[in-house]
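**Q** So that we are looking at the same thing, I have put the structure below in C-alpha cells.
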Amino acid sequence: MRRRNPTLLKVTAPLTAAAFVMAACGGGDDADAATTALPEELAVASTVDMTDEEYAEYMTALEEASKAEGGVLSYYFSAPAAAAENQINLFIEEYPWVELEYTSGGTLELIERVITENAAGRPSADVLQGGPLEDNTLCRDEGLCLAYDPRGEGDLPADRAYPDCVCSVADFFTFHITYNTNNVTAAEAPQTYEDLTDPKWRGRFGINIDQLDWFAGMLAEMGEQDGLALMEAIAANEPVVYAGADGLEKLSAGEFDVAFPQSATRTVRDLIADGAPIEIVTTPVTIAQPDMYFPLRNAPHPATTRLYMEWLMSDDWQNKVGEAVVKVPIKEGSPIPSSAEGILDSELFFETTDNFGDYDTRVEQHQSIFVTG
Amino acid sequence: MTTLVDSWARLTTGRVTRFPALRGVFTPRSVVYGLVLIILLAQVALPIAILLFTSFKDARPTDADFFSLSFTLENFRDAFASGRLLSVTWTTVQFAGGSTLVALALGTFLAWIVARTNAPFRNLVGVLTIVQMAVPGILVPVAWTFLASPKIGAINVAWRNLTGTDGTLFNVYSMQGLILVNGLTMVPMVYLFVVTVFSSMNSSLEEAAEVSGASKLRAVRDISLPLAAPGIAAVAIMALMRAWEAFEIPWFLGVNEKIFTYASEIYLRTSTPPSNVGLVSTYAVFMLLGAVVMIWWYDRFNQAGERYAVISGKNFSSVRMDLGRWRMPVTILTFAVLTLVILLPLFMLLWMSLNPFFRQFSWDAVTSLSLDSYVAALQTPNIMQGFVNSLLVGVLASVGVLTLSTLAAWFSARRVPGGRLLYLLTSVPMALPNVIVGVSFLWIFLITPLPIYSTHWALVIAYITIIIAVVSRLVSARMLQISSELEEAAQVAGASFARAIWTIVVPLLSPALLAGALITMVMSFRELQTTLYLAGPQTRTAAVVMFDMAGDGQFSTVAAFGIVTFAVLLVGLVGYNRLNARMGLEGGL
Numbered sequence: 000m001r002r003r004n005p006t007l008l009k010v011t012a013p014l015t016a017a018a019f020v021m022a023a024c025g026g027g028d029d030a031d032a033a034t035t036a037l038p039e040e041l042a043v044a045s046t047v048d049m050t051d052e053e054y055a056e057y058m059t060a061l062e063e064a065s066k067a068e069g070g071v072l073s074y075y076f077s078a079p080a081a082a083a084e085n086q087i088n089l090f091i092e093e094y095p096w097v098e099l100e101y102t103s104g105g106t107l108e109l110i111e112r113v114i115t116e117n118a119a120g121r122p123s124a125d126v127l128q129g130g131p132l133e134d135n136t137l138c139r140d141e142g143l144c145l146a147y148d149p150r151g152e153g154d155l156p157a158d159r160a161y162p163d164c165v166c167s168v169a170d171f172f173t174f175h176i177t178y179n180t181n182n183v184t185a186a187e188a189p190q191t192y193e194d195l196t197d198p199k200w201r202g203r204f205g206i207n208i209d210q211l212d213w214f215a216g217m218l219a220e221m222g223e224q225d226g227l228a229l230m231e232a233i234a235a236n237e238p239v240v241y242a243g244a245d246g247l248e249k250l251s252a253g254e255f256d257v258a259f260p261q262s263a264t265r266t267v268r269d270l271i272a273d274g275a276p277i278e279i280v281t282t283p284v285t286i287a288q289p290d291m292y293f294p295l296r297n298a299p300h301p302a303t304t305r306l307y308m309e310w311l312m313s314d315d316w317q318n319k320v321g322e323a324v325v326k327v328p329i330k331e332g333s334p335i336p337s338s339a340e341g342i343l344d345s346e347l348f349f350e351t352t353d354n355f356g357d358y359d360t361r362v363e364q365h366q367s368i369f370v371t372g
Numbered sequence: 000m001t002t003l004v005d006s007w008a009r010l011t012t013g014r015v016t017r018f019p020a021l022r023g024v025f026t027p028r029s030v031v032y033g034l035v036l037i038i039l040l041a042q043v044a045l046p047i048a049i050l051l052f053t054s055f056k057d058a059r060p061t062d063a064d065f066f067s068l069s070f071t072l073e074n075f076r077d078a079f080a081s082g083r084l085l086s087v088t089w090t091t092v093q094f095a096g097g098s099t100l101v102a103l104a105l106g107t108f109l110a111w112i113v114a115r116t117n118a119p120f121r122n123l124v125g126v127l128t129i130v131q132m133a134v135p136g137i138l139v140p141v142a143w144t145f146l147a148s149p150k151i152g153a154i155n156v157a158w159r160n161l162t163g164t165d166g167t168l169f170n171v172y173s174m175q176g177l178i179l180v181n182g183l184t185m186v187p188m189v190y191l192f193v194v195t196v197f198s199s200m201n202s203s204l205e206e207a208a209e210v211s212g213a214s215k216l217r218a219v220r221d222i223s224l225p226l227a228a229p230g231i232a233a234v235a236i237m238a239l240m241r242a243w244e245a246f247e248i249p250w251f252l253g254v255n256e257k258i259f260t261y262a263s264e265i266y267l268r269t270s271t272p273p274s275n276v277g278l279v280s281t282y283a284v285f286m287l288l289g290a291v292v293m294i295w296w297y298d299r300f301n302q303a304g305e306r307y308a309v310i311s312g313k314n315f316s317s318v319r320m321d322l323g324r325w326r327m328p329v330t331i332l333t334f335a336v337l338t339l340v341i342l343l344p345l346f347m348l349l350w351m352s353l354n355p356f357f358r359q360f361s362w363d364a365v366t367s368l369s370l371d372s373y374v375a376a377l378q379t380p381n382i383m384q385g386f387v388n389s390l391l392v393g394v395l396a397s398v399g400v401l402t403l404s405t406l407a408a409w410f411s412a413r414r415v416p417g418g419r420l421l422y423l424l425t426s427v428p429m430a431l432p433n434v435i436v437g438v439s440f441l442w443i444f445l446i447t448p449l450p451i452y453s454t455h456w457a458l459v460i461a462y463i464t465i466i467i468a469v470v471s472r473l474v475s476a477r478m479l480q481i482s483s484e485l486e487e488a489a490q491v492a493g494a495s496f497a498r499a500i501w502t503i504v505v506p507l508l509s510p511a512l513l514a515g516a517l518i519t520m521v522m523s524f525r526e527l528q529t530t531l532y533l534a535g536p537q538t539r540t541a542a543v544v545m546f547d548m549a550g551d552g553q554f555s556t557v558a559a560f561g562i563v564t565f566a567v568l569l570v571g572l573v574g575y576n577r578l579n580a581r582m583g584l585e586g587g588l
C-alpha cells in the first residue's frame with residue numbers, strides 16, 4: 000500500500016488552495032473604478048463642423064486622453080467575438096495602446112446588463128454594437144446613449160443618415176432567401192417572398208424565427224396590412240421553423256430546400272467558399288439592417304470611446320469594411336464586398352427604429368404567425 | 000494569546016466554562032450549523048425571495064419604486080391570459096415524465112450492471128456513461144437532428160436505403176423524439192446517483208434471501224430494489240425537475256412541430272429586452288410550488304432513513320451477481336444502450352468536426368475529411384482562457400458545493416433540529432430557472448458594494464446555487480445509507496464533532512463526493528444562461544466561447560471543441576476510476 004507523505008500534503012494542499020483563491024480574485028472589470036473624467040474641451044457633441052485644423056487638434060488631444068485613461072475599450076456585442084475580431088484588430092493597429100475588453104452574449108442579456116450596471120451606478124460598457132432593438136431600449140427608453148456625431152457622418156447622404164439615432168451607423172447588412180443548390184436550380188429558386196406562397200414550396204422551406212428585424216422591415220416596407228397578409232400566407236404554406244445559426248447547416252444538409260431570412264454576411268460567404276451547396280437570392284426589394292454603434296453616456300473610458308467612433312466613420316475604416324467584415328459600408332463610394340455586388344442593384348429598404356413599430360406588438364405578431372399559430 | 004487559545008479550545012471541545020449561560024448553545028455543531036444556514040440563506044433564499052417578490056411587482060429591482068409596498072397580480076394575469084399555460088403545463092408533464100422514465104430505466108440498468116454484476120467491461124461501461132456529460136449542450140439537439148431528422152437523419156436515411164421504403168424509422172421532432180433525447184441526456188446523472196447507492200449495498204442480505212430459497216431475480220426484486228428505493232426516488236425527483244426546466248432540447252427540436260414546454264414557453268413570452276422578470280418570476284413560482292411538492296414527497300422517504308442504512312459498524316461485503324449464461328446477452332444489451340446514450344451522438348459529433356459543414360455519409364465526403372475545424376478551434380480567440388476559467392470556477396464551486404452538501408445532508412439525515420430547513424434550502428434551487436439565478440445575482444452583485452461582479456467569484460457563487468440541488472440529493476442518498484452509530488462510536492471514543500465527520504463520514508461518502516465533484520466540473524463547463532449575465536471579458540467560460548462559435552454558425556468548430564473537451568474529461572474519468580479502485584470502492588463509475 001502506497002504511503003502518502005503527510006508533510007508534502009500539508010504544504011502543497013494549502014498552497015494549491017491559495018493559488019486557486021487568488022486566481023479567482025482576478026477578472027474584475029473596471030466597473031468598480033470611477034468613470035474617467037473627460038477634459039472639458041473634448042466633451043463636444045459633434046466634430047462634423049470642425050475645420051481641418053480644429054479636428055486635427057481635437058484628435059491629438061483625444062489620443063492623449065485615451066492613453067491617460069488606460070487605453071481600454073469595453074465593447075459589448077451580441078455577435079461572436081470572431082464577427083468583430085477583424086474590425087477591432089484594425090482599430091488597435093491604428094491605435095496600438097488600446098486594449099480591448101470584449102463582452103458577448105445574447106441581445107437580451109447584454110441589454111439587461113447595461114441597464115442594470117448603469118442603474119446600480121457601476122457602468123462597464125463603453126460601446127455597444129447592435130440594431131434598432133438596442134436603440135429603442137437603451138437610447139430612447141433608458142437614455143443611456145451618448146449623443147455624439149463623429150466627423151465622418153457629415154459626408155453621409157440624407158438617405159443614409161440617421162439623425163434621430165443616438166448612435167453611428169457605420170455599415171449595414173441585408174436579408175436574403177438562400178437555397179440548396181443540390182435540390183433547387185437557379186431557375187427554380189424563388190425570386191421573391193411572394194413566390195414562397197406557391198403550393199410547390201409547401202413544407203420545403205425553413206424560416207428563421209430569430210430574425211424579428213426582417214419581419215418588422217417587411218411590414219414597414221409593404222405596409223402593415225399587406226405585410227401581415229404575406230406573412231400569414233407564407234405561414235400557411237407549412238414552413239419548417241428553426242431557431243438560430245444551425246439553419247445554414249440544415250440547409251446545406253438538405254433538411255429544407257430554401258431558408259430565409261438569412262443575412263448575407265461572412266458566415267454565409269465562408270460556408271459557400273468551403274463548398275456548401277448554398278446560393279443567395281437577391282429579391283427586388285431587399286430589407287437592410289443598419290449596424291448601429293452606441294457610445295454610452297456613462298462609458299468608463301470616454302476618450303477611447305470617442306476615438307473609436309471617429310475611426311468607425313473615417314474613410315480609413317469605411318474603405319475596409321467590405322473586405323474585413325463582409326458588410327456594406329454606409330458611405331457611398333467605399334468598396335463593397337465582391338459578393339455583395341448584385342445586392343446594390345436591388346431596391347434597399349432600411350429597417351430602422353422609427354419604422355420598426357411597437358416591439359411587444361411585433362414580437363406577438365411574429366410569434367403568433369410563425370411559432371404558436 | 001493563551002487565554003484566547005484556551006477559550007477556543009474549550010469552545011471546540013464543547014466545554015464552555017467561562018460563560019455557563021452559553022453552555023450548549025455555542026457548540027461546534029451549532030456553530031457549523033449556523034454558518035451553513037447563513038450561507039445557504041444568502042445563496043438560495045435570497046434569489047428565491049427576489050423571485051417571489053418580483054412576481055408581484057410591476058417594476059424591476061433597479062427601479063426606484065421596486066421596494067415600495069405596492070403589489071400587483073398583473074404578472075399572474077398575463078401568465079394565464081394567453082390560455083396556453085394549462086396546455087403547456089400538460090405538454091411539460093408528458094415530456095418531463097417520459098424523459099424521467101427513460102433516464103431512470105436506462106441509468107438504473109447501467110448502474111446495476113456496473114455495481115452489482117460480473118458483466119465484462121464494467122469500467123468501460125461506467126466511463127462511457129459518464130463521459131456523455133462532456134458533450135456541449137448546444138450540440139446535443141444538433142447531433143440528434145442529423146441522426147434522426149425524418150428527412151436527413153442518418154438513421155432514417157439508412158432505414159430507407161435498407162428497406163427501399165420512403166418511411167421514417169424515428170422522428171426526433173416528435174414528442175417521442177424529444178422524450179428519448181432528453182431522457183438520454185439525463186442518463187449520466189441518474190447513473191451517478193444510483194451507482195453510489197448500489198455500490199454500498201450489503202450483498203449478505205441478498206445472500207440470506209438466496210439461502211432461504213429465493214431466486215436471484217426475486218432477491219433483487221424483494222431485497223435490493225426496496226433498499227435502493229430512497230436513493231432511486233431521490234434521483235427520480237431530481238430528474239423530473241431537471242426535465243421540467245430543460246430548455247435546449249424542447250426549443251431546438253420541439254419548435255419544429257410546435258411542441259412547447261414550460262422552459263421554451265417562458266423563453267417565447269419573455270424574449271423582448273429588458274427581460275420581463277416579473278413574468279419569468281411568475282412562471283418560476285409555479286415551478287417552485289411543484290418543487291416543494293416533490294420535496295415533501297421525497298421527505299417521506301427520508302423520514303424512514305434509518306431503515307435503509309446499510310453501511311453500519313458491522314463489516315459488510317458486496318459480492319457481484321454472477322450472470323452465468325446471461326452474461327453475453329446482457330453485455331450486448333448494455334452496449335446497445337450505450338450506443339444510444341453516447342456512441343451515436345459522439346460519432347455524429349466526430350463526423351461534424353471533420354467536415355466544414357454537415358454532409359451526408361458518402362465516399363466523397365469521407366475522402367475530403369480534414370482537421371481544419373480542430374485548427375480553427377485552437378485558434379479561436381480566448382478558447383484557452385475559456386477552458387481555464389471553466390476549470391478554475393469548477394474547482395472552487397466543487398469545494399463549496401461539496402462542503403455545503405455534506406454538512407446539510409448530515410444535519411438532515413441525523414434529524415438535528417433545523418436539519419430539515421437545510422435540506423429544504425438545498426433542494427429548492429432545482430426549481431429555479433437558470434435565467435432567474437443569473438438575473439438575480441446580477442442585481443445582487445451590482446447593488447452590493449463588494450467587488451464581485453465580473454470576477455470568477457461571481458460565477459462560483461451562482462454555480463453553487465445552480466448545482467447544489469443535484470449534488471445534495473446525491474450526497475443525501477448516500478448519507479441515508481450510513482448508520483449514525485459509526486460517528487457516534489468515534490465521539491464516544493473522544494473524537495470531536497469535526498473529527499468524526501472528517502475521518503468517519505467523509506470517507507464513507509467518498510463515492511458520492513467524487514461523483515458530485517464530477518457533476519460540478521462538467522456543469523461548470525456546460526452552464527450558459529446564468530454565465531451570460533455574470534461573465535466579464537476576463538472570466539468567459541468554455542460555454543460562452545462555444546456559444547460564440549455556434550452563434551457564428553461554426554458548428555464544425557464547436558464539434559471539434561466538444562471532442563477535445565470530451566477527450567480531456569475522459570482522462571479525468573479514468574483517473575477518477577483509479578481513485579475509486581484504490582479506495583476499494585465498488586462501481587464508482
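Chains A and B are the protein sequences, given in the same order.
Numbering that gives the first Met the number 0 applies: residue 0 is where the first sequence begins, and numbers increase by one.
Numbering that gives the first Met the number 0 applies: residue 0 is where the second sequence begins, and numbers increase by one.
Glycine included, each C-beta is placed from N, C-alpha and C at the ideal position.
Since the model is a prediction, treat every value here as computed from it, not as a measurement.
Any beta carbon of chain A sitting closer than 8 Å to that of V254/B?
**A** Position 255 of the second sequence, counting from 1, holds the residue named residue 254/B. For V254/B, the answer is yes, since a Cβ of chain A falls inside 8 Å of its Cβ.
**Q** Does the beta-carbon of S86/B have 16 or more other beta-carbons within 10 angstroms, so that it is buried, or is it exposed?
**A** Counted from its first residue, the second sequence places residue 86/B at position 87. When all chains shown are included, S86/B counts as exposed.
**Q** Below 8 Å between beta carbons: does that hold for G437/B and L513/B?
**A** Looking up residue 437/B in the second sequence gives position 438. Looking up residue 513/B in the second sequence gives position 514. Cβ distance not < 8 Å, so G437/B and L513/B don't count as in contact.
**Q** What separation, rounded to the nearest whole angstrom, lies between the Cα atoms of T90/B and V239/A?
**A** By one-based count along the second sequence, residue 90/B stands at place 91. By one-based count along the first sequence, residue 239/A stands at place 240. Approximately 21 Å, taken between the alpha carbons.
**Q** Which residue marks the beginning of the beta strand (DSSP E) containing T285/A, and which one marks its end?
**A** For the purposes of this step, residue 285/A is taken as residue 286 along the first sequence, with counting starting at 1. From DSSP, the beta strand (DSSP E) with T285/A extends over V284 to P294.
**Q** How many Å lie between L600/B and S523/B at the Cα?
**A** Only positions 0 to 588 of chain B appear in this structure, which leaves residue 600/B out of reach.
**Q** State the Cα-Cα distance for the pair A492/B and W501/B, rounded to the nearest angstrom.
**A** For the purposes of this step, residue 492/B is taken as residue 493 along the second sequence, with counting starting at 1. For the purposes of this step, residue 501/B is taken as residue 502 along the second sequence, with counting starting at 1. Approximately 15 Å, taken between the alpha carbons.
**Q** Within the region 384-449 of chain B, note down every full beta strand (DSSP E) run reaching 3 residues or more, in order along the chain.
**A** DSSP runs (the beta strand (DSSP E)) wholly in the region 384-449 of chain B: none.
**Q** What does L247/A touch in chain B if you count any residue whose Cβ is under 8 Å from its own?
**A** Indexing the first sequence from 1 puts residue 247/A at position 248. In chain order: F356 and G552.
**Q** Compare the beta carbon distance of V459/B and V521/B with 8 Å and say whether it is the shorter of the two.
**A** Here residue 459/B is taken as the residue at index 460 of the second sequence, counted from 1. Here residue 521/B is taken as the residue at index 522 of the second sequence, counted from 1. Taking 8 Å as the Cβ cut-off, V459/B and V521/B do not qualify as a contacting pair.
**Q** Which one of N297/A, V47/A, D344/A and A263/A has the shortest CA to CA distance from P162/A?
**A** Reading the first sequence from its first residue, position 163 is the one you call residue 162/A. Nearest option by C-alpha distance: V47/A.
**Q** Is the beta carbon of Y462/B less than 8 Å from the beta carbon of A407/B?
**A** Taking the first residue of the second sequence as position 1, residue 462/B is located at position 463. Taking the first residue of the second sequence as position 1, residue 407/B is located at position 408. Going by C-beta atoms, Y462/B is not nearer than 8 Å to A407/B.
**Q** Using a Cβ-Cβ cut-off of less than 9 Å, list which residues of the region 504-529 of chain B approach chain A; keep chain order.
**A** If the cut-off is 9 Å between Cβ atoms, the region 504-529 of chain B has Q528 near chain A.
**Q** Find the residues of chain B that neighbour G253/A, judging by a C-beta separation of less than 9 Å, and give them in chain order.
**A** Reading the first sequence from its first residue, position 254 is the one you call residue 253/A. Near G253/A (Cβ distances below 9 Å), the residues of chain B are K150, I151 and Q359.
**Q** Under three-state DSSP, which class holds F171/A?
**A** Residue 171/A sits at position 172 when you count from the first residue of the first sequence. F171/A falls in the strand class under three-state DSSP.
**Q** So, with DSSP's three-state summary, where would you put E264/B?
**A** The sequence position of residue 264/B within the second sequence is 265, counting from 1. Reduced to three states, the DSSP call for E264/B is helix.
**Q** How many Å lie between R121/A and A468/B at the Cα?
**A** Position 122 of the first sequence, counted from the first residue, corresponds to residue 121/A. Position 469 of the second sequence, counted from the first residue, corresponds to residue 468/B. Whole-angstrom Cα-Cα distance: 32 Å.
**Q** Can you pull the chain B neighbours of T50/A, defined as C-beta to C-beta under 9 Å?
**A** For the purposes of this step, residue 50/A is identified with residue 51 of the first sequence, where counting begins at 1. Neighbours of T50/A on chain B: none; closest Cβ ~38 Å, over 9 Å.
**Q** Please report the straight-line C-alpha distance between N117/A and N297/A, rounded to a whole angstrom.
**A** Within the first sequence, the letter at position 118 stands for residue 117/A. Within the first sequence, the letter at position 298 stands for residue 297/A. Rounded to the nearest angstrom, the two C-alpha atoms are 8 Å apart.
**Q** Going by C-alpha to C-alpha distance, which of T519/B, L441/B, E526/B and L508/B sits closest to T115/A?
**A** By one-based count along the first sequence, residue 115/A stands at place 116. The candidate whose alpha carbon is nearest that of T115/A is L441/B.
**Q** Would you please state the rounded distance, in angstroms, between the beta carbons of M291/A and E53/A? I believe it to be under 8 Å.
**A** Along the first sequence, read from residue 1 onward, the residue named residue 291/A stands at position 292. Along the first sequence, read from residue 1 onward, the residue named residue 53/A stands at position 54. Rounded, the Cβ-Cβ distance is 27 Å, inconsistent with contact.
**Q** For Q366/A, decide whether its Cβ has a neighbour in chain B, counting only Cβ atoms nearer than 8 Å.
**A** Position 367 of the first sequence, counted from the start, is the residue given in the question as residue 366/A. Judged by the 8 Å Cβ criterion, Q366/A is in contact with chain B.
**Q** Should A290/B go down as buried or exposed, given a rule of 16 or more other Cβ atoms within 10 Å for buried?
**A** Taking the first residue of the second sequence as position 1, residue 290/B is located at position 291. A290/B comes out buried.
**Q** CB F240/B to CB M478/B, shorter than 8 Å?
**A** What you label residue 240/B is simply residue 241 of the second sequence in a count that begins at 1. What you label residue 478/B is simply residue 479 of the second sequence in a count that begins at 1. Residue identity check: residue 240/B is Met in the sequence provided, not Phe. Not in contact: M240/B and M478/B (Cβ atoms no closer than 8 Å).
**Q** For L127/A, write down the residues that DSSP places opposite it in a beta bridge.
**A** As a position in the first sequence, residue 127/A is number 128, starting the count at 1. Y75/A and F293/A.
**Q** Could you give the first and the last residue of the continuous beta strand (DSSP E) run that contains N207/A?
**A** Numbered from 1 along the first sequence, position 208 holds the residue referred to as residue 207/A. That run of the beta strand (DSSP E) goes F204 to N207.
**Q** Would you please state the rounded distance, in angstroms, between the beta carbons of N74/B and L278/B? I believe it to be under 8 Å.
**A** As a first step, residue 74/B is located in the second sequence; it is residue number 75 there, counting from the start. As a first step, residue 278/B is located in the second sequence; it is residue number 279 there, counting from the start. 5 Å between Cβ atoms; contact.
**Q** Could you list the residues in the region 451-470 of chain B with a C-beta less than 7 Å from some C-beta on chain E, going in chain order?
**A** Going by chain labels, chain E is absent from the structure shown, which instead holds the protein chains A and B.
**Q** Could you give the first and the last residue of the continuous beta strand (DSSP E) run that contains Y161/A?
**A** Counted from its first residue, the first sequence places residue 161/A at position 162. Y161/A -> no beta strand (DSSP E), and no H or E assigned at all.
**Q** Compare the C-beta of D290/A against all C-beta atoms of chain B and say whether one is closer than 8 Å.
**A** Residue numbering aside, residue 290/A sits at position 291 when the first sequence is read from its first letter. So no, D290/A is outside the interface.
**Q** Using alpha carbons as the reference points, say which of Q288/A, W316/A and A228/A lies closest to D353/A.
**A** If you number the first sequence from 1, residue 353/A lands on position 354. Looking at the Cα atoms, Q288/A is the closest of the given residues.
**Q** Could you work out which residues of chain B lie near V284/A, taking near to mean beta carbons separated by less than 7 Å?
**A** On the first sequence, position 285 is the one that residue 284/A refers to. Near V284/A there are no residues of chain B at all, since even the closest Cβ is about 26 Å away, more than 7 Å.
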